[in-house]
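In what follows, a structure is listed as structure tokens, so that the remarks can point back to it.
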Amino acid sequence: MDTTTTLPTHVSTLVVGAGFGGLGMAIKLTERGEKDFLVLERGEDVGGTWRDNTYPGAACDVPSQLYSFSFAPNPTWSRSFSPQPEIQAYLRRVAAEAGVLDRFRFGTSFDAARWDRDEQVWRVETSRGPVTADVLVTASGGLSEPRMPDIDGIDSFLGEIFHSARWNHDYDLAGKRVAVIGTGASAIQIVPEVADQVAHLDVYQRTAPWVMPRRDRAYTALERFGFKHLPGLQKLYRTGIYWGRETFVPGFTVSPRLAAPAKKLALANIEKAITDPRLREQVTPTFEIGCKRILISNDWYPALARDDVDLVTDPIVKVTAGAVVTRDGVEREVDAIIVATGFYTTEQPIAEHIVGRDGQSLARHWAGNGMAAYKGTTINGFPNLFQIVGPNTGLGHSSMVFIIESQLAYILDALRSMRDTDTATVEPRPDAQRAWNDDLQRRLRRTVWNKGGCSSWYLDAHGRNTTLWPRTTFTFRRLLSTFDRDKYLTTARANPARPDADRDADRVEQTA
Ligand code: NAP
Numbered sequence: 015m016d017t018t019t020t021l022p023t024h025v026s027t028l029v030v031g032a033g034f035g036g037l038g039m040a041i042k043l044t045e046r047g048e049k050d051f052l053v054l055e056r057g058e059d060v061g062g063t064w065r066d067n068t069y070p071g072a073a074c075d076v077p078s079q080l081y082s083f084s085f086a087p088n089p090t091w092s093r094s095f096s097p098q099p100e101i102q103a104y105l106r107r108v109a110a111e112a113g114v115l116d117r118f119r120f121g122t123s124f125d126a127a128r129w130d131r132d133e134q135v136w137r138v139e140t141s142r143g144p145v146t147a148d149v150l151v152t153a154s155g156g157l158s159e160p161r162m163p164d165i166d167g168i169d170s171f172l173g174e175i176f177h178s179a180r181w182n183h184d185y186d187l188a189g190k191r192v193a194v195i196g197t198g199a200s201a202i203q204i205v206p207e208v209a210d211q212v213a214h215l216d217v218y219q220r221t222a223p224w225v226m227p228r229r230d231r232a233y234t235a236l237e238r239f240g241f242k243h244l245p246g247l248q249k250l251y252r253t254g255i256y257w258g259r260e261t262f263v264p265g266f267t268v269s270p271r272l273a274a275p276a277k278k279l280a281l282a283n284i285e286k287a288i289t290d291p292r293l294r295e296q297v298t299p300t301f302e303i304g305c306k307r308i309l310i311s312n313d314w315y316p317a318l319a320r321d322d323v324d325l326v327t328d329p330i331v332k333v334t335a336g337a338v339v340t341r342d343g344v345e346r347e348v349d350a351i352i353v354a355t356g357f358y359t360t361e362q363p364i365a366e367h368i369v370g371r372d373g374q375s376l377a378r379h380w381a382g383n384g385m386a387a388y389k390g391t392t393i394n395g396f397p398n399l400f401q402i403v404g405p406n407t408g409l410g411h412s413s414m415v416f417i418i419e420s421q422l423a424y425i426l427d428a429l430r431s432m433r434d435t436d437t438a439t440v441e442p443r444p445d446a447q448r449a450w451n452d453d454l455q456r457r458l459r460r461t462v463w464n465k466g467g468c469s470s471w472y473l474d475a476h477g478r479n480t481t482l483w484p485r486t487t488f489t490f491r492r493l494l495s496t497f498d499r500d501k502y503l504t505t506a507r508a509n510p511a512r513p514d515a516d517r518d519a520d521r522v523e524q525t526a
């Protein structure tokens, strides 16, 4: 898609990542008449996680009517829970129709960014050379860096091994002995699909997840006709799904007792598919429902009940050249290992490469107490840096696209405010950021994610929940509806008449 090989020396706004976040940002900037921006994308297409996760069975577990841009409804969704290829095709179409692709530089990796205090720009290194930017927007995604498990000997395995997010479609699983490590959202979609192809499947479970029935169905011809010709109908579906999802929030944040009906459904899901009492016991979770992400599937338990599928719950101690070895000493030979062990979530890999006002990387800045931002979007010490899907913006119940659109509105209002007032830089005041995070952590303490008796990717090494938003999504939207300039440190533009001319650092005035 990209025909341009060089980058300009400077852009007003530089966006990193071309998933829902980066694409949304490009569309909204364009709608505002802004042309001086670029989106860097290391891959060759838009889509982010929906481009990368091509494993068999990949589908979204939030209904598509809600898991899509509010400003770009898609009348052609085939089912209530869209498969990955449809979501990827949707993102491609939205990008093409919005006419923004000429602003994207595919196959271009963001390597590093350093804030230049004198020039008040981000100095960015990319695989296509340097570029400076007044504003840096990271939209690199919360689930973009696959995490390989730290298992003794895994590098010495001589068979085929790949992560769920880096599926090797050239490898034919037919008739092979295969191991799947992990029983999270990815694994429960993969296992039923590959069980049909392979000779034998071992599924290595460390923790049994809660799995509810998946209320998935194809839309009828009448519904699809309605989606196409009655725009209000899609809106109605979206609104219904949205409010249905919001009703889950009290079960997560007030009392797990409110989630009792969900627990009942999940237990019935086990009983329906599994008769063997030992297997039933092995797959029954021992923590509160919601503590880890609640999964949805109708074919996960039936797959585990198959004769040619073994659920292994003894911990893996090592991998040899041709087998997986568990603590009980059993060595299970395999031809291939599918690693479905998730992503780096509580440490953002990109944070290593962003150096702020004081010469410290974002990773180092967060090393002591874990990730923290103001409104999940801006960070003290990192002027003019905006993060889409930053700390504590994740959800256990609804669509991340809703969160992303809330952040887009906030960032665009910040950019408008900066332009209207000849402001060169904004960064949140330390007291505002502290108050925001104190409030978040106080709310999180009583949630099922923190006290539900599980360890999950929601919690960091300090046991702090730095990933999830503990309130309703409409509260998040309200709190980010306007740029609250009084919560920011700002510096005035040195030369308001020529905003893009050389900046005179001596004339920059610091205001609180
Ligand atoms: P995940 O939810 O983090 O699950 C990773 C799995 O690997 C867990 O079962 C974990 O066990 C296991 N594991 C990790 N390290 C291990 C080790 N060393 N030995 C044995 N097992 C190990 O990752 P994911 O399934 O890729 O999903 C990540 C997120 O992506 C989801 O939470 C969801 O937000 C998103 N996602 C969504 C969809 C969808 O919409 N349908 C699909 C896929 C992914 P423990 O539980 O014991 O840690």
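Residue numbering for the sequence shown follows the working numbering, starting at 15 and increasing by one per position. Quick reminder that beta carbons are idealized off the backbone N, C-alpha and C, glycines included.
Below 7 Å, is the gap between the Cβ of residue i and the nearest heavy atom of the ligand NAP?
i: Asp324; result: no
i: Ile393; result: no
i: Asp474; result: no
i: Gly167; result: no
i: Tyr185; result: no
i: Thr298; result: no
i: Tyr358; result: no
i: Gly196; result: yes
i: Trp471; result: yes
i: Cys305; result: no
i: Asp321; result: no
i: Arg93; result: no
i: Arg220; result: yes
i: Asp75; result: yes
i: Leu157; result: yes
i: Gln203; result: yes
i: Thr355; result: yes
i: Asp164; result: yes
i: Ala209; result: no
i: Ser178; result: yes
i: Ala280; result: no
i: Asn199; result: According to the sequence shown, residue 199 is Ala rather than Asn. Yes.
i: Ile101; result: no
Give me the residue from the options with the minimum Cα distance to residue i.
i: Glu361; options: Gly173, Leu399, Val297, Leu473; result: Leu473
i: Leu493; options: Trp91, Ile417, Gly467; result: Ile417
i: Ala127; options: Glu133, Phe120, Gly113, Pro144; result: Pro144
i: Leu281; options: Cys305, Leu105, Arg294, Ser141; result: Arg294
i: Ser158; options: Gly382, Asp130, Asn67; result: Asn67
i: Asp527; options: Arg238, Asn394, Gly31, Val339; result: The chain is shown from 15 up to 526; residue 527 falls before or after that span and cannot be answered.
i: Ala276; options: Leu244, Arg456, Pro227; result: Pro227
i: Thr435; options: Lys306, Thr27, Phe497, Arg106; result: Phe497
i: Ala508; options: Ala222, Thr439, Leu422, Arg448; result: Thr439
i: Thr355; options: Thr197, Gly71, His367, Trp224; result: Thr197
i: Asp169; options: Leu458, Thr480, Ala335, Glu345; result: Ala335
i: Ser94; options: Pro484, Ile255, Trp471, Gln102; result: Ile255
i: Arg491; options: Asp216, Ser431, Thr437, Ser413; result: Ser413
Identify the continuous alpha helix (DSSP H) that holds residue i and give its terminal residues.
i: Gln98; result: 98-112
i: Asp445; result: 444-459
i: Ala147; result: Segment 143-152 is the beta strand (DSSP E) holding Ala147; no alpha helix (DSSP H) there.
i: Val194; result: Note, Val194: premise wrong, no alpha helix (DSSP H); beta strand (DSSP E) at 191-195.
i: Val205; result: 199-209
i: His379; result: 376-381
i: Leu236; result: 235-243
Please list the terminal residues of the continuous beta strand (DSSP E) segment that includes residue i.
i: Phe400; result: 399-401
i: His214; result: 214-218
i: Ser26; result: 24-30
i: Trp129; result: 124-130
i: Tyr502; result: 502-506
Three-state secondary structure (DSSP) at residue i?
i: Thr9; result: In the structure as shown, the chain starts at 15 and stops at 526, and residue 9 therefore has no counterpart that could be examined.
i: Arg521; result: Because the pLDDT of Arg521 is 30, which lies under 50, any placement of that residue in the model is unreliable, and the number read from its coordinates should be weighed accordingly. Looking at Arg521 - three-state DSSP - the assignment turns out to be helix.
i: Thr335; result: The question names Thr, but residue 335 in the sequence shown is Ala. If DSSP states are grouped into helix, strand and coil, Ala335 belongs with coil.
i: Ile368; result: strand
i: Ile168; result: helix
i: Val297; result: helix
i: Ile393; result: strand
i: Asn406; result: coil
i: Asp16; result: Caution is warranted here: a pLDDT of 49 is assigned to Asp16, below 50, making its placement in the model unreliable, and no coordinate value can be reported.
i: Pro513; result: At Pro513, the pLDDT of 45 sits below 50, so the modelled position is not reliable and the matter cannot be decided from this model.
i: Ile10; result: No information on residue 10 is available, as it lies outside the stretch 15 to 526 that the chain covers here.
i: Trp136; result: strand
i: Trp471; result: coil
i: Ala526; result: Per-residue confidence for Ala526 stands at a pLDDT of 31, beneath the threshold of 50, marking its modelled position as unreliable; no derived number is given.
i: His476; result: coil
For chain B, check one thing: does any of its Cβ atoms lie closer than 8 Å to the Cβ of residue i?
i: Glu366; result: Protein chain content of the structure displayed is limited to a single chain, and chain B is not contained in it.
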